[in-house]
Amino acid sequence: MALLINIKLVWWQKNTIRDFENLHSGGQMHLNNLFTMKDLGVAKYYLGLKIARSDKGTAVTQSKYIHNLLHDAGVCQGKSATTPLPIGIKFSTETGRVLPNPKSYRSLIGRVLYLGFTHTDIAHAAQQLSQFM
Numbered sequence: 001m002a003l004l005i006n007i008k009l010v011w012w013q014k015n016t017i018r019d020f021e022n023l024h025s026g027g028q029m030h031l032n033n034l035f036t037m038k039d040l041g042v043a044k045y046y047l048g049l050k051i052a053r054s055d056k057g058t059a060v061t062q063s064k065y066i067h068n069l070l071h072d073a074g075v076c077q078g079k080s081a082t083t084p085l086p087i088g089i090k091f092s093t094e095t096g097r098v099l100p101n102p103k104s105y106r107s108l109i110g111r112v113l114y115l116g117f118t119h120t121d122i123a124h125a126a127q128q129l130s131q132f133m
């Protein structure tokens, strides 16, 4: 049985790097006494988030998640837009065509809704589209 504990998920702001390293190693040693652990190193991806570190700081992006989403939806070659939805668009259940595979639409909308948590500019568009599942 394996139990994954991510003690690096919690972000501390310390005055010096040494303070952070002391806090981190102390917590890890305590957990090591309780469980068999393996340090996998610095996280690069976590729950679809890309974690990029540099001397300037840490950036969290979803570029890989977005690329995979576009690829799975078959719109990698599509044109970009300045707004997620055309201004003033109205959706209706009485117009348009019935989708041949509603399950794939629901899955795609679920992934876009997840993306909307970190990209608030698309949250409204995702919510509007989710009403037609």
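If you read the sequence shown in the UniProt record's numbering, its first letter stands for residue 1, the second for the next number, and so on. Note that CB positions come from ideal geometry on N, CA and C, so glycine has one too.
To the nearest angstrom, report how far apart H71 and L34 are at their CA atoms. Indexing the sequence shown from 1 puts residue 71 at position 71. Indexing the sequence shown from 1 puts residue 34 at position 34. Whole-angstrom Cα-Cα distance: 43 Å.
Assigned exposure category for V112 - 16 Cβ within 10 Å defines buried: For the purposes of this step, residue 112 is taken as the residue at position 112 of the sequence shown. So V112 ends up on the buried side.
Look at the Cβ atom of T85, then the Cβ atom of A125, and state whether they are nearer than 8 Å. On the sequence shown, position 85 is the one that residue 85 refers to. On the sequence shown, position 125 is the one that residue 125 refers to. According to the sequence provided, residue 85 is Leu. The question's Thr does not apply to it. Yes, the Cβ-Cβ distance between L85 and A125 is below 8 Å.
Check whether the Cβ atoms of A73 and T61 lie closer than 8 Å to each other. Numbered from its first residue, the sequence shown carries residue 73 at position 73. Numbered from its first residue, the sequence shown carries residue 61 at position 61. Taking 8 Å as the Cβ cut-off, A73 and T61 do not qualify as a contacting pair.
Please list, in chain order, all residues of the same chain as S130 whose beta carbon is under 7 Å from its beta carbon, the five residues on each side excluded. The residue labelled residue 130 in the question sits at position 130 within the sequence shown. The answer, listed in chain order, is I109 and L113.
Could you give the residue range of the beta strand (DSSP E) that holds S54? Counting from 1 along the sequence shown, the entry for residue 54 is found at position 54. Here the beta strand (DSSP E) through S54 covers L49 to S54.
Considering only residues of the segment 44-122, which uninterrupted beta strand (DSSP E) runs meet the minimum length of 3 residues and lie entirely inside it, listed in chain order? Every beta strand (DSSP E) stretch that sits fully inside the segment 44-122 and reaches 3 residues is listed by chain position as 49-54 and 57-61.
Pick out whichever of K44, A43, S54 and I66 has its Cα sitting closest to the Cα of T118. Translated into positions along the sequence shown, residue 118 becomes position 118. Comparing Cα-Cα distances from T118 to each of K44, A43, S54 and I66, the minimum goes to I66.
What did DSSP end up calling Q127 once you bin it into helix, strand or coil? Start at 1 with the first residue of the sequence shown, and residue 127 comes out as number 127. The DSSP-derived three-state label of Q127 is helix.
Taking buried to mean at least 16 other C-beta atoms within 10 Å of its own C-beta, is N101 buried or exposed? As a first step, residue 101 must be located in the sequence shown, where it is residue number 101. So N101 counts as exposed.
What's the C-alpha gap between I87 and D121? Stepping through the sequence shown from its first residue, residue 87 is reached at position 87. Stepping through the sequence shown from its first residue, residue 121 is reached at position 121. If you take the alpha carbons of I87 and D121, they lie about 13 Å apart.
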